[in-house]
Amino acid sequence: MRDEDLLRIEQMLGRVLTWGTWLSTSTLALGLAATFVAPEWPLTRRLLTAGLVTLLLTPVARVVAAVIGYLRAREWWFVFFTGIVLALLIGSFAVAFVS
Amino acid sequence: MTPVTPLLAAATLAVSTLAGTLGALLGIGGGVFLVPFLVLGLGLPFQEAAGVSLAAVIGTSSAVSAATAGRAVINLRLGMVLEVATAAGGLAGGITAQLLAPSTLQLIFAGMAVGVAAIMATRPDDVALPPTADPGPLGGRYVDTATGATLTYRVDRLSVGLFASFLAGNLSTLLGIGGGIIKVPALVTWCGVPMRVAAATSAFMIGVTATSGAVIYWGNGDLSPALAASAVIGTHLGSTLGLRFSGRARARYLRRLLAAVLIVVAVLMIARALA
Chain A
0 MRDEDLLRIE
10 QMLGRVLTWG
20 TWLSTSTLAL
30 GLAATFVAPE
40 WPLTRRLLTA
50 GLVTLLLTPV
60 ARVVAAVIGY
70 LRAREWWFVF
80 FTGIVLALLI
90 GSFAVAFVS
Chain B
0 MTPVTPLLAA
10 ATLAVSTLAG
20 TLGALLGIGG
30 GVFLVPFLVL
40 GLGLPFQEAA
50 GVSLAAVIGT
60 SSAVSAATAG
70 RAVINLRLGM
80 VLEVATAAGG
90 LAGGITAQLL
100 APSTLQLIFA
110 GMAVGVAAIM
120 ATRPDDVALP
130 PTADPGPLGG
140 RYVDTATGAT
150 LTYRVDRLSV
160 GLFASFLAGN
170 LSTLLGIGGG
180 IIKVPALVTW
190 CGVPMRVAAA
200 TSAFMIGVTA
210 TSGAVIYWGN
220 GDLSPALAAS
230 AVIGTHLGST
240 LGLRFSGRAR
250 ARYLRRLLAA
260 VLIVVAVLMI
270 ARALA
């Protein structure tokens with residue numbers, strides 16, 4: 000793999016993680032504040048849930064971005080490795096929420 | 000689920016800040032401290048503590064890696080390979096839970112931690128290959144920001160790294176930890192990976208490991224959203240703080256800090272196993 004390909008993939012993953020981190024932290028912070036100010040407010044629960052979903056989906060998005068990055072770079076072994084990890088992650092979501 | 004008081008939220012936030020700082024410096028998510036603190040200190044049931052701890056690990060991992068990605072300190076290739084072993088370990092986690100009682104597991108863990116701490120504290124500094132040396136398929140090259148030196152390294156004994164990652168994934172859901180405390184010492188001590196690279200690569204991986212456990216606790220109704228929120232805010236603050244120092248701290252001191260952390264973990268584990 001060429002170094003510039005690797006660096007590009009890493010930067011792409013960094014952007015996914017930056018967005019995910021800020022989005023989840025700010026949503027959760029609003030939700031937490033609302034928990035103490037207005038616990039009965041319907042939006043409170045939704046903010047917390049949205050923040051948690053963003054938190055849990057950030058690593059998943061990071062793995063998806065890696066699969067795409069390696070596909071573009073035609074690094075088939077790494078497409079395979081990241082593909083396995085993605086499949087197992089999706090599997091744990093399925094086990095947790097379907098059953 | 001335990002009702003969340005402002006005091007409980009504040010205490011969770013405070014201890015998560017410490018976890019986030021350790022994550023930025025050492026590549027561990029701090030779950031090994033968070034779980035006992037939440038159970039023994041704040042009186043949460045184990046399941047809820049594990050859920051909150053895993054949420055904190057995800058927060059630390061994402062925040063630390065968002066900042067370190069693109070600086071050539073994460074070994075992406077190594078991370079992707081080890082992640083497969085971690086995921087496989089996670090799948091086999093249920094089997095371990097049936098074979099070993101938690102107290103036995105904690106005593107084994109404590110024994111290993113003491114041994115690894117001794118090796119880490121006495122090991123010489125990272126041995127750099129000449130800058131032009133071939134780093135091999137999984138090795139790499141990076142500039143140590145504390146000394147300005149370019150370090151070239153190969154990854155030795157990949158099997159040990161794979162085994163440690165498998166173990167980390169295996170124990171993650173069971174103990175509510177990300178497993179960095181297993182991976183970083185193994186990579187540094189046996190695989191020849193420089194401390195800073197091991198920390199950044201581990202911090203990068205533990206988010207994925209913790210996610211598969213966290214969704215299971217959430218699905219079972221054991222993940223308290225308000226406490227998870229406190230933990231995530233704390234880790235965000237803590238990792239920002241830790242990242243300020245991690246670039247300047249010398250690898251030698253980071254390694255000694257990790258050895259000290261391992262000793263504290265061993266004591267905690269023994270105390271819990273015998274309690």
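Chains as they are written, first to last, in numbering that gives the first Met the number 0: chain A, 0 to 98; chain B, 0 to 274. Glycine included, each C-beta is placed from N, C-alpha and C at the ideal position. The structure displayed is predicted, hence computed values, not measured ones.
is_contact[E9 (chain A), chain B] using C-beta, thresh 8 angstroms: yes
Helix, strand or coil: which one does DSSP assign to V38 (chain B)? helix
Determine the burial state of T20 (chain A): buried for a count of at least 16 other Cβ atoms within 10 Å of its Cβ, exposed for fewer. buried
Under three-state DSSP, which class holds R156 (chain B)? coil
Grab me the residues of A116 (chain B)'s own chain with a C-beta within less than 6 angstroms of its C-beta, minus the 5 sequence neighbours each way, in chain order. A258, L261, I262
Where G82 (chain A) and N169 (chain B) are concerned, what is the direct C-alpha to C-alpha distance, given to the nearest angstrom? 20 angstroms
Chain A contact residues for I215 (chain B), given Cβ-Cβ distances below 8 angstroms: S91, V94, A95
Contact set for A71 (chain B): own chain, Cβ-Cβ below 6 angstroms, skip 5 residues either direction: Y141
So is P58 (chain A) in contact with chain B if we call contact Cβ pairs under 8 angstroms? yes
Exposed unless 16 or more other CB atoms sit within 10 angstroms - verdict on P41 (chain A): exposed
So, for F203 (chain B): in the same chain, excluding its five sequence neighbours on each side, which residues have a beta-carbon less than 6 angstroms away from its beta-carbon? S64, I73, G78
Return no unless some Cβ of chain A is closer than 8 angstroms to the Cβ of V14 (chain B). no
Are V56 (chain B) and F92 (chain A) close, meaning C-beta to C-beta below 8 angstroms? no
With 8 angstroms set as the bound, which would you pick, yes or no: does the beta-carbon of A28 (chain A) sit closer than that to a beta-carbon of chain B? yes
Neighbour list for I83 (chain A) in chain B, Cβ cutoff strictly below 9 angstroms: E82, V83, A86, A87
Assuming D155 (chain B) and C190 (chain B) are in contact, meaning their beta carbons sit under 8 angstroms apart, how far apart are those beta carbons, in whole angstroms? 5 angstroms
A72 (chain A) CB to nearest chain B CB: under 8 angstroms? no
If you check the beta carbons only, do A167 (chain B) and L53 (chain B) fall under 8 angstroms apart? no
Is it buried or exposed for I94 (chain B), if we count other Cβ within 10 angstroms and need 16 for buried? exposed
Under the assumption that A250 (chain B) contacts R195 (chain B) (Cβ atoms under 8 angstroms), give the Cβ distance between them as a whole number of angstroms. 6 angstroms
For V183 (chain B), does the count of other Cβ atoms within 10 angstroms reach 16, so buried, or fall short, so exposed? buried
N-terminal and C-terminal residue of the beta strand (DSSP E) that R140 (chain B) is part of: 139–142
Per DSSP, which one or two residues make a beta bridge with L150 (chain B)? B:Y141
For a test of the three-state rule: what should DSSP assign to L128 (chain B), helix, strand or coil? strand
Nearest-angstrom Cα distance between E9 (chain A) and A270 (chain B)? 41 angstroms
Touch check for the stretch 6–14 of chain B and the stretch 34–42 of chain B: three-plus C-beta pairs under 8 angstroms? yes
Which residue spans inside the stretch 8–74 of chain B form an unbroken alpha helix (DSSP H) run of at least 4? 30–35, 45–67
Cβ-based burial, G110 (chain B) [other Cβ within 10 Å; buried from 16]: exposed
Look at L24 (chain B) and F244 (chain B) and say whether their C-beta atoms are less than 8 angstroms apart. yes
Opening and closing residue of the alpha helix (DSSP H) in which E39 (chain A) lies: Counting along the chain, E39 (chain A) falls outside any alpha helix (DSSP H), and DSSP gives it neither H nor E.
Name, please, each residue of chain A whose Cβ falls closer than 7 angstroms to the Cβ of P5 (chain B). F35
Does the separation of the CB atoms of A120 (chain B) and R255 (chain B) fall below 8 angstroms? yes
Measure the CB-CB distance between L27 (chain A) and L6 (chain A) and report whether it falls below 8 angstroms. no
Check the Cβ of T210 (chain B) against every Cβ in chain E and list those closer than 8 angstroms, keeping chain order. Structure shown: chain E not included; protein chains present are A and B.
Alpha carbon to alpha carbon, what distance is there between I232 (chain B) and R14 (chain A)? 19 angstroms
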